[in-house]
Structures are given as structure tokens and as C-alpha cells.
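Q:
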Amino acid sequence: MTEVLPADAAGIARAAALLRAGALVAFGTETVYGLGADATDARAVAAVFAAKDRPRFNPLICHYPDAETVWADVVPTETARRLAETFWPGPLTLVLPKRAGSRVADLTGAGLDTLAVRVPAPEVARALLRAVGRPVAAPSANPSGRVSPTTAAHVLDGLGGRIAAVLDSGPCKVGVESTVLDLSGGQPALLRPGGVPLEAIEAAIGPVATGRPAVLRGPGMLAAHYAPHLPVRLAAEHVGPDEALLAFGEPLPGAGAVFQLSARGDVTEAAANLFAGLRALDASGCARIAAMTVPEQGLGRAINDRLARAAAGRG
Ligand code: TXA
Ligand code: MG
Numbered sequence: 302m303t304e305v306l307p308a309d310a311a312g313i314a315r316a317a318a319l320l321r322a323g324a325l326v327a328f329g330t331e332t333v334y335g336l337g338a339d340a341t342d343a344r345a346v347a348a349v350f351a352a353k354d355r356p357r358f359n360p361l362i363c364h365y366p367d368a369e370t371v372w373a374d375v376v377p378t379e380t381a382r383r384l385a386e387t388f389w390p391g392p393l394t395l396v397l398p399k400r401a402g403s404r405v406a407d408l409t410g411a412g413l414d415t416l417a418v419r420v421p422a423p424e425v426a427r428a429l430l431r432a433v434g435r436p437v438a439a440p441s442a443n444p445s446g447r448v449s450p451t452t453a454a455h456v457l458d459g460l461g462g463r464i465a466a467v468l469d470s471g472p473c474k475v476g477v478e479s480t481v482l483d484l485s486g487g488q489p490a491l492l493r494p495g496g497v498p499l500e501a502i503e504a505a506i507g508p509v510a511t512g513r514p515a516v517l518r519g520p521g522m523l524a525a526h527y528a529p530h531l532p533v534r535l536a537a538e539h540v541g542p543d544e545a546l547l548a549f550g551e552p553l554p555g556a557g558a559v560f561q562l563s564a565r566g567d568v569t570e571a572a573a574n575l576f577a578g579l580r581a582l583d584a585s586g587c588a589r590i591a592a593m594t595v596p597e598q599g600l601g602r603a604i605n606d607r608l609a610r611a612a613a614g615r616g
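Under our numbering, the first residue of the sequence shown carries the number 302, and numbering increases by one thereafter.
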């Protein structure tokens with residue numbers, strides 16, 4: 302049963318407690334309802350992908366109550382500070398280099414070195430984020446492939462029974478997703494048009510790149526994702542001493558290094574560990590990563606998609 306929480310002090314406190322305990326809570330923003338999870342908890346973030354039934358690990362936006370808390374996780378540029386002053390709180394998401402030592406889990410950013418961050422406008426949303434005291438990762442609160450929800454009823458329609466609660470703050474005012482702007486490269490680049498018009502952004506900071514090359518930097522578009530430096534071999538059934546084993550269930554014997562995704566063969570637990578595992582094996586000193594087979598069900602599909610692209614050298 303999914304709890305429907307009122308947008309009052311008690312409802313906000315309950316929603317925050319659930320999020321802090323690793324549960325999934327949908328909440329209203331000015332754009333659409335987000336499916337929130339503690340961004341520092343890889344298991345909670347994996348549960349978001351599972352609940353949405355996403356076939357891929359797309360990087361998620363982290364939500365904060367104010368700009369000061371944002372800068373704890375990413376390194377702001379001059380331009381980022383100007384945009385934050387002009388448009389936050391509001392429907393603008395900035396992609397910036399992730400700070401070394403940030404507590405945000407690798408899975409939240411799909412293993413990228415950058416992080417998408419924003420401060421949503423509604424007071425209820427920011428009160429929730431203050432009460433959680435941690436960044437909250439939130440994609441739109443709909444099953445993969447369905448339209449984004451702008452009321453609590455829409456959320457229940459798609460995800461009822463799959464998530465702990467929805468904090469009902471009424472209909473979303475903007476109704477389309479936030480504008481996503483990449484500030485991690487040279488020129489600011491528009492990755493997704495949204496609630497803040499391009500013209501308003503350009504009035505504040507000057508020209509923004511909108512062409513194909515800029516969009517290609519966006520995720521899901523191959524190059525941007527974390528790719529292990531070592532070559533990856535899939536569906537390993539035996540393993541050598543020069544190989545680093547990405548294990549799922551009972552590990553194959555004889556590897557030079559082993560990282561266990563999930564000893565009990567749980568695909569959601571494996572997803573939570575995937576990016577940390579690839580990084581650890583990359584640093585193992587072995588010649589290659591040998592990945593054991595992960596079943597093609599639930600988050601197993603997203604894990605296999607990620608590993609297949611790594612094996613094909615497509616990031
Ligand atoms: O309005 C919104 O942004 C809503 C509310 C809930 O905040 N959230 C939302 O999240 O639309 P989602 O996961 O549906 O979309 C996130 C977008 C995707 O286009 C994703 O590719 C991009 O942000 N994104 C996230 N992290 C990124 C990164 N590190 N680099 C480039 N793009 C990133
Ligand atoms: Mg979405």
C-alpha cells in the first residue's frame with residue numbers, strides 16, 4: 302500500500318523519515334512529480350530504477366533545498382552561480398562536475414563524473430528536502446515509457462503499490478520537466494528544453510549551444526557514460542588469474558580480483574553495486590574484467606545493457 306501524505310508538517314515529517322530510511326517517496330515539484338530516493342544510498346536509488354522498470358541506468362537529478370547545499374556536491378562555475386541566483390528555486394537543472402568526496406552514490410549519476418542538480422520551487426518540496434538533510438534523487442514519478450505525472454493521482458495510477466508514499470502537494474504549476482543545461486564543458490549546452498526558456502537563460506549568461514554535438518554529450522547517448530578502462534568480457538564461465546571478476550552469486554574460482562555484485566543473486570542489490578564495482582576492478586591491476594551472467598529480468602536488463610556497451614567499447 303502506498304501512503305498518501307498531506308502536505309502539512311506531519312506529512313512532510315513522515316515523508317522525510319521514509320526517505321531517510323531508504324524508502325521511495327514521490328513528491329510534487331513545480332514541473333512534475335518526482336520519485337524521490339536518498340541520493341547517497343545506492344540501494345534506494347536502485348529501487349527507483351526497479352520501480353520505474355527502466356531498461357537503462359539514466360543519470361538522475363539531485364534535488365536540494367537551496368544553492369548552498371547544492372555546492373557541497375558539485376563545483377560551481379561563475380556561470381552556475383549566476384544562473385542559480387537568477388533561476389533558483391525554479392525549473393532549471395545544471396550539470397556540473399561532481400565534487401571529490403561527495404556522498405552522492407555512483408549509481409545516482411550512472412557512474413558519470415558530473416551531477417545534475419536543481420532546487421525546486423514549491424515551499425513544500427524544499428521543506429521536505431530540508432527535513433531529509435541529504436540530496437534527493439528524483440526522476441519523474443512514472444513507469445518507464447509513460448507520461449510524467451503532474452498530480453498525486455497520476456503517481457498512484459502508475460506506481461501505486463510500488464512505492465512507500467506520495468506527498469500530495471496538489472497539481473504541478475509548470476507541468477513540463479526542468480530545462481537541463483550542461484555547464485561541465487566549454488560552452489554551456491542545452492541538453493533538454495524545459496520549464497525555463499532558452500531565451501531567458503541566454504539573457505542571463507549569453508549564447509548556449511543547442512546543436513547536435515551538444516545534445517550528444519547527453520546521457521543515453523553513449524560517450525558520456527562511465528566506461529571502465531579495462532576491456533570487459535561478458536558471460537564468463539571460467540576466469541584466469543590476470544582477470545578481475547565481476548561476480549553475481551557464487552563467484553567463479555581463480556580470478557586475480559573479485560568484486561561481488563550480489564552474493565545472493567539479487568539484481569536490485571547488484572545494480573546498487575555496479576558502478577562502484579567497475580571502478581574497483583578497474584583499479585585492481587588485472588588485464589581485463591570478466592563479468593558473470595546476470596539474469597535478464599528486472600534491473601538485470603539495465604545491468605546487462607551497461608556491461609554490453611562497456612564490452613563493445615561504447616562507454
Ligand atoms: O523537472 C524535472 O527535472 C523532474 C523533476 C522531478 O525534478 N525530473 C526529471 O528527471 O525529469 P528525469 O530523470 O526524468 O530526467 C533527468 C534528465 C535526463 O534527461 C537525464 O539524461 C539528464 O537529466 N541528466 C541527469 N544527469 C545528467 C548528467 N550528469 N549529465 C547529463 N545529463 C544528465
Ligand atoms: Mg522522465
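Idealized CB from N, CA, C, for every residue including glycine. Note that the structure is predicted; figures quoted are calculated from it, not measured.
Counting along the chain, where does the alpha helix (DSSP H) carrying Val456 start and finish?
A: Unbroken alpha helix (DSSP H) run through Val456: 453 to 460.
Q: If the criterion is Cβ atoms closer than 8 Å, does the pair Thr330 and Pro444 meet it?
A: Not a contact, by the Cβ cut-off of 8 Å.
Q: Mind checking whether Ala536 and Thr594 have CB atoms under 8 Å apart?
A: Yes, they are a contact pair.
Q: So which residues touch the region around ligand 2, with touch meaning a C-beta under 6 Å from any heavy atom?
A: Counting every residue whose Cβ lies closer than 6 Å to a heavy atom of ligand 2, we get Pro440, Ser441, Ser449.
Q: Cβ of Ile502 versus every heavy atom of ligand 1: is any distance shorter than 7 Å?
A: Ile502: no, Cβ never under 7 Å from ligand 1.
Q: Would Gly462 be called buried (16 or more neighbouring beta carbons within 10 Å of its own) or exposed?
A: Looking at its Cβ environment, which holds fewer than 16 other Cβ atoms inside 10 Å, Gly462 is exposed.
Q: Our contact map puts Ala347 next to Ala572 with C-beta atoms below 8 Å; I'd like the distance itself, whole angstroms only.
A: About 4 Å; that satisfies the 8 Å criterion.
Q: Looking at the secondary structure, which residues open and close the alpha helix (DSSP H) in which Glu386 lies?
A: Residues 379 to 388.
Q: Please name the residue, chosen from Leu547, Ala442, Gln488, that lies closest to Ala577 on a Cα-to-Cα basis.
A: Ranking the options by Cα distance to Ala577, first place goes to Leu547.
Q: His364: beta carbon under 7 Å from a heavy atom of ligand 1?
A: Yes - ligand 1 has a heavy atom lying nearer than 7 Å to the Cβ of His364.
Q: Quick check: the stretch 474 to 484 against the stretch 375 to 395, are there 3 or more CB pairs under 8 Å?
A: The answer is yes - the stretch 375 to 395 touches the stretch 474 to 484, with three or more Cβ pairs under 8 Å.
Q: Take the Cβ of Ala317 as the centre, count every other Cβ of all protein chains shown within 10 Å, and call the residue buried at 16 or more, exposed below.
A: That one is buried.
Q: Smallest Cα separation from Leu600: which of Lys353, Ala340, Ala314?
A: Looking at the Cα atoms, Lys353 is the closest of the given residues.
Q: Using 8 Å as the Cβ pair cut-off and three pairs as the minimum, do the stretch 408 to 427 and the stretch 360 to 374 touch?
A: Touching, yes, given that three or more Cβ pairs across the two stretches are closer than 8 Å.
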